[in-house]
Each structure stands twice: as C-alpha cells, then as structure tokens.
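Chains as they are written, first to last, in the numbering used here: chain V, 475 to 907; chain H, 2 to 310. We put the CB at the ideal spot given by N, CA and C, even for glycine. Since the structure is predicted, the reported quantities are computational estimates derived from the model, not experimental observations. Contents: one structure, followed by commentary.
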C-alpha cells in the first residue's frame, strides 16, 4: 500500500528543504521525496493520493516533555487519551515524564507504559526514567535496566535534584548508557512554597513568589556539573532570562547542554495572573516580559533547541480551588502548533527554524532517528493548515483534562492529517475542507 | 452618585469617587452608633453571611455589629465548625450558600483571590474581609475615614507604613487607597519584608523607621506575625523591636500632630511600645470605631440603596 502526499509545502528542517514537493510512502517508510509529479505514476490504482495543496508537510512533531499520568492518575489523562491529544496536535512522538504513581524508576513501569502505548497504537511514546529511586533525590535509579526497557532519558521532573553530589553522579553514570539527563532546574529552598513569579505582579497580588534566581542557580550548577563530568544535560522548560544566558554561555564553552522552552513561557507573562486563573499556575512559573523576551531571543539564536509542551493534565479537583491550593501545570499538546506558528508571524523564527524545534532538534536530544523526511525512515509526517483560524475550545480537546488558559483564544494553524509509520493517526480532513 | 459594583473585592478596583462615596456614607452612619437604641430598619429582611476561614475577632465582630445595626439577619460560618473541616471546597460551599439566597457574603480567607473566585459562583454580593496577603479593603477604608476625621483631608498627607509590608494585606490595600486619594506613601521595614518592585505600586521605599518618621503626618505600624522568626526573615523579635518597632524615643522625631495607627491585633513591645499604643497620638481605637461605620456604609451601598437603572 503506497501513499503519495501531493502538492504540499514540504519543510524538512534537517535537510533545509522548504519547497513544493511530493512525498511517497510505501508501507511504513518514506520511499521518496521529489519535485511535484516526479515520484509516481498517477495511474497506479494501488496508490492513495493525499492532496496537500495549501498545507505544510513536515516531520511529525516530537514532544520532549509530556505528562501522560498513567499509571496512577488516569482520571487526569491516560496513555490513550494523551496519545489522541498528541496526534490531534500534530505530534507523532511524545516523551512521558516519570512522575507517575508509581514513579517510572523500574522496567516494570516502563514496560507497562510501552504496552499501553502499543495498545493505543497512535503516537510513539518514549518513556523518561527517573534520575533517582522513587524520585526521592537520594539514590540513583537503575539506568541499565531502564535503558534496556526503553527509556530515552532520565529526569526527576517536577522535583529538582537538590543534592549536587547525586546530580553529578547521575550525569556521570548516565553516560554509560548514552542517556541525557533532563534537569528540572529549581532550587527548592528559594522556590519554597511560592506559587508565581517574583516581581511587580506578585507584589500586587500578594501571592507567594518564586524568584527567577531559583532557576538560574540550578541551571548554573547543572551546567557546571555537565562541564565537570562531560555528561549530556538537557534543561527542561527554561523560564528565566538568567537561565537562557547561562545556557548560551555554557554552550559557547562547548559543554554538552541543550534546552527547551514551552509555548506558555514564550507566549504569556505574569500580568495574566491578575485573573487568579489557576490554569496559569505552572512550575516553573510564567515570568515577566523581560524573561519572555529573553526566551524568544534564546529560541531565535539557537540557545533554546526545542519547543516542548510540558503537557500537565489536571482535573477540576486540582484546579477549581483557591490559587494557593491549585496544582501546578497546564495542558499544551493541542495548542503548541498554533502558538509556535505565532513565533513565525512575529518574526522570531523562520519557518524551518520553528519546525526544527519541534522535529529534528528534539529527536537529536533523545537520540532517535526520527524528525526528518528521509527515504528509508519511518513515515512520521504531519500535514497542517497554517492559515486555519479557530477559537480554542477546551471542550473539544482530546485530552481528558481541560486545564488550558488559552480557552477562548483565537489562534491560527491546525493539524489536518497525521501519519505515524505511514498510518493515519489523526485526520481532520472534513472540517478543513 | 450610585455605587454600582456587585462586590467589594479590593481597593484596586475602586475609583476615587467610589471611595469618596463610601466615606461620605460612613460619615452619615456614625451617628446611629451613638444612639441609645443603635438600630435602624434599613436592611430588614436582608441576609448577611459571614464566612470566615481564618480566625478573626475584630473584623468579624465589626461586620456583625454593622449588619445588625442595619437590621439584617446575620449568620456566621467559621472554618473550624463547618463542613469546611470535612473537606468541602470553597466552590461547593459557595454553591450551597447561594442555594439559600443570601444577599451578602463576607469572606475572610487565607488564600489570595478567594473572594474573586467566590464572587464568580454566587449572585450574592461578596465583601472581601481579608484574602491572604492580597487585600483587606474595609481596613483601608476605615483607615481613610480615620485620617479624614483627624486631618480634615487625605489628599496631601504623608503616610508612613512601617513593618512587614511583604506579608501584609493591610499595607497593600492602604497603598492603593492612599494613592487613589492623593496621599504620599512612604514605607519602611527590613529588606526581607519589602517585596520585589514595591516602588512600582507608587510608594517610596526606605528601610529604617527613622528615615520616614520625621516626614510623616500619619504613621501606620503593621503587625509582625510571630512565626516570621522561623522563616529567616528576622533574627529575633528582640532585634526587630529595637530597630523597627515604634517607641517613644523614635516618636520624638515625629511631627507634633502625627497620628499613630495600627490595624490590630497589637504585639505590645514588638512593633509598638505600650506607651505609644496608649499614648496621645494613638488613634487605634478610633480606627476600630470607624470600622463599624464603614462596614454599615458598604452593606447599605451594596444591597440597601436604590440602584437606578
């Protein structure tokens, strides 16, 4: 069974291709990319034609930072619903964070996640294992076992590793298994019981604050430890101007550090919290306009390699409460694409750069041979309409949860057809016309 | 002028004319509290619920007296004796209260923004009686009334707020209120208790009380919460009292007609010495007295007045 994606604007950031091209898919693989009409005979009756006029055709997006909540908190999200949300957002791969219940610190949990993902048979799910046993920050988890079971990285996401010696050992030991260490960079003493960014807005609202320095000092520590050990460090959800500058400096020194930013951190500022909307309560917090500018600059100059969602589903039980008591996190898989496209409209990123931060760059960070439109590779391909306007309606989301502050926003750009291994995992062809 | 807001959530949302209206109305209600029979029928048949998630003596009693002097029916719900201790959420509590059709809910809560959340879930008017470190609007209004009574005007006065600004909803509401009414606001306190970018709220920031006391027409001392000692914010109450507390020696640098205010409850010998608290410049009990008039005025303006459409 062959498919021909015809007439679309093909963007392949890894090769720099940005032109009208056709893509031929045979079985689960890409078999050819070429000028329109050059790939296959249209008289071939077994060929399925996918018309892509007016659409962008890109490698399927790869999210480095997703919380699928299974096992343990299936009332918020499970691997099936999270996979549906991902596919609807144009993603073909997601990395799921280990702060499940139980924590993903053993092969048993990793295998459960991979089995559920195979049953869902939608996006690829790449589990991230814990840095420390039970994410307690005391003892290293068993990286050999985790790696053999299928994890692509280790992280104690949600809980910063406060013990510097443990972080050093993680960066050393993970090298044996070629695993990047993903740092949730936050000094927990400085963050204390804060609920929002420290600045003029927290002063106005009387909400307890998390200073940018809580992130900066840990980014410095972890970069320093990466330099010491030669380990591979990835900074999750960069939110502060200081962190951007530190990553830039350590990269310039040749330290093996990469970084990601979330759509909410490059779109929103703390001024929005005047509404006390608990969907804006995230960790790290949404920061000031200075920080926003620095993150955009970091995306533009390549300091920040990837765009990741930190999709963090919570139910009304966690969110329909007083701001102080609400859980941290917002969902993001189904809004990441249009928010990223805004960066193109605003001149922050070129089209290829923007797509690279959702495709080949994250693939390189976790070391998987995906995120490129190359013959022979799996046919993970996303087609989206960059001009489709829509009003965000959380009630239309595939995610089980509704905790998005973008509800009611008018955005532009929607996935139309998403293929993984050549198989359609999301289609919105009717509504897009 | 009519008061058109459904709720009183904070001073921040009020226009100067609205503040003026509340103070004028409060002035007219003061007389009722001096009568032998301190009751008028203005709010007869109206229901006021006092929902207190934090302990309070002064504020709650003041609200209750205000409502009763206007003949409203009042009900008290406190966190320790209600379904709140059984784990009911604020939203559920709000829905249940709304089902009983109260006219006003007065909310005291330890979380900033809780009254704003409540107001979205009930038709009743919500009065914020203190939300976390955010706002305490009725305290600021009674402070304004006290300053106006004693000084004749608020505009042009220099007001020094001294103490733990960071954790104080009283300070925040007063900064909004005094700025809106044209006063100059100075603050002083230990750097650990001065929040980030405070100057952006329109105040001049100092550390030592000596730097603001000589300039002030009004000095507001803030309560220091005793548990701050354990939070690395100050080394000891002893040192705090010596450097940041108001005593007669520091007061000797003040203007001869200075007013000393304190929102209470007082830690005698910590932020204010007994001699100053009970001394001739202190208007602390006038503040308490004005609290009743201000709260009567608010209840009247929110649910008692004729709203012209």
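Assign residue i to one of three DSSP states: helix, strand, or coil.
i: residue 897/V; result: strand
i: residue 161/H; result: strand
i: residue 75/H; result: strand
i: residue 907/V; result: Residue confidence for residue 907/V is low, a pLDDT of 39 falling below 50, so the modelled location carries little weight and cannot support an answer.
i: residue 152/H; result: helix
i: residue 859/V; result: strand
i: residue 480/V; result: strand
i: residue 670/V; result: strand
i: residue 294/H; result: helix
i: residue 267/H; result: coil
i: residue 274/H; result: coil
i: residue 839/V; result: helix
i: residue 64/H; result: helix
i: residue 889/V; result: strand
i: residue 475/V; result: coil
i: residue 122/H; result: helix
i: residue 628/V; result: strand
i: residue 18/H; result: helix
i: residue 533/V; result: strand
i: residue 567/V; result: strand
Residue i to residue j, Cα distance in whole Å?
i: residue 63/H; j: residue 141/H; result: 14 Å
i: residue 874/V; j: residue 66/H; result: 48 Å
i: residue 136/H; j: residue 170/H; result: 4 Å
i: residue 671/V; j: residue 754/V; result: 11 Å
i: residue 192/H; j: residue 762/V; result: 22 Å
i: residue 189/H; j: residue 125/H; result: 39 Å
i: residue 518/V; j: residue 696/V; result: 56 Å
i: residue 477/V; j: residue 847/V; result: 14 Å
i: residue 229/H; j: residue 235/H; result: 7 Å
i: residue 542/V; j: residue 784/V; result: 10 Å
i: residue 778/V; j: residue 804/V; result: 21 Å
i: residue 910/V; j: residue 820/V; result: The structure shown does not extend to residue 910/V, since chain V is modelled only from 475 through 907, so no value can be given for it.
i: residue 906/V; j: residue 890/V; result: Legend: pLDDT at residue 906/V = 41, less than 50; position of this residue unreliable, no value from coordinates given.
i: residue 654/V; j: residue 800/V; result: 31 Å
i: residue 744/V; j: residue 765/V; result: 10 Å
i: residue 813/V; j: residue 634/V; result: 27 Å
i: residue 790/V; j: residue 877/V; result: 8 Å
i: residue 93/H; j: residue 114/H; result: 16 Å
i: residue 78/H; j: residue 845/V; result: 59 Å
i: residue 610/V; j: residue 578/V; result: 12 Å
i: residue 502/V; j: residue 894/V; result: 8 Å
i: residue 220/H; j: residue 20/H; result: 21 Å
i: residue 255/H; j: residue 751/V; result: 44 Å
Determine which residues share a DSSP beta bridge with residue i and list them.
i: residue 507/V; result: 497/V
i: residue 221/H; result: 162/H and 262/H
i: residue 738/V; result: Paired residues: none, contrary to the question.
i: residue 129/H; result: 108/H
i: residue 48/H; result: 74/H
i: residue 486/V; result: 491/V
i: residue 683/V; result: 670/V
i: residue 606/V; result: 614/V
i: residue 852/V; result: 503/V
i: residue 185/H; result: 159/H
i: residue 708/V; result: 656/V and 732/V
Measuring CA to CA, which of the options is closest to residue i?
i: residue 164/H; options: 182/H, 123/H, 207/H and 129/H; result: 207/H
i: residue 836/V; options: 698/V, 572/V, 627/V and 881/V; result: 627/V
i: residue 692/V; options: 828/V, 827/V, 581/V and 642/V; result: 642/V
i: residue 900/V; options: 804/V, 667/V, 856/V and 868/V; result: 856/V
i: residue 271/H; options: 299/H, 304/H, 305/H and 227/H; result: 227/H
i: residue 295/H; options: 16/H, 249/H, 33/H and 212/H; result: 33/H
i: residue 387/H; options: 182/H, 214/H, 183/H and 162/H; result: Outside the displayed range of chain H (2 to 310) lies residue 387/H, so it cannot be described from this structure.
i: residue 99/H; options: 87/H, 73/H and 50/H; result: 50/H
i: residue 222/H; options: 283/H, 152/H, 240/H and 19/H; result: 283/H
At a cut-off of 7 Å, is residue i close to the ligand MG when judged by its beta-carbon and the heavy atoms of the ligand?
i: residue 718/V; result: Ligands displayed in this structure: none; no statement on the ligand MG is therefore possible.
query = Given a limit of 8 Å on CB to CB distance, which residues of the region 196-217 of chain H reach chain V?
reply = 196, 197, 198, 199, 201 and 202
ask   = Listed in chain order, which residues of the region 67-96 of chain H have Cβ atoms closer than 7 Å to some Cβ of chain V?
value = 90, 91 and 92
message = If the cut-off is 8 Å on Cβ atoms, which residues from the region 173-190 of chain H count as contacting chain V, listed in chain order?
response = 173
ask   = Looking at chain V, which residues of the region 106-137 of chain H have a Cβ within less than 9 Å of any of its Cβ atoms?
value = 110, 111, 112, 113, 114, 115, 117, 118, 132, 133, 134, 135 and 136
message = Give me the subset of the region 153-175 of chain H whose CB atoms are less than 7 Å from a CB atom of chain V, sorted by chain position.
response = 170 and 173
ask   = Taking a cut of 9 Å between CB atoms, which residues from the region 754-788 of chain V lie near chain H?
value = none
request  = Note down, in chain order, all residues in the region 671-699 of chain V with a beta-carbon under 9 Å from any beta-carbon belonging to chain H.
outcome  = 672, 673, 674, 675, 676, 677, 678, 679, 680, 681, 682, 683 and 685
Where the region 793-807 of chain V meets chain H: residues whose CB sits under 8 Å from a CB there = 794, 795, 796, 797, 798 and 799
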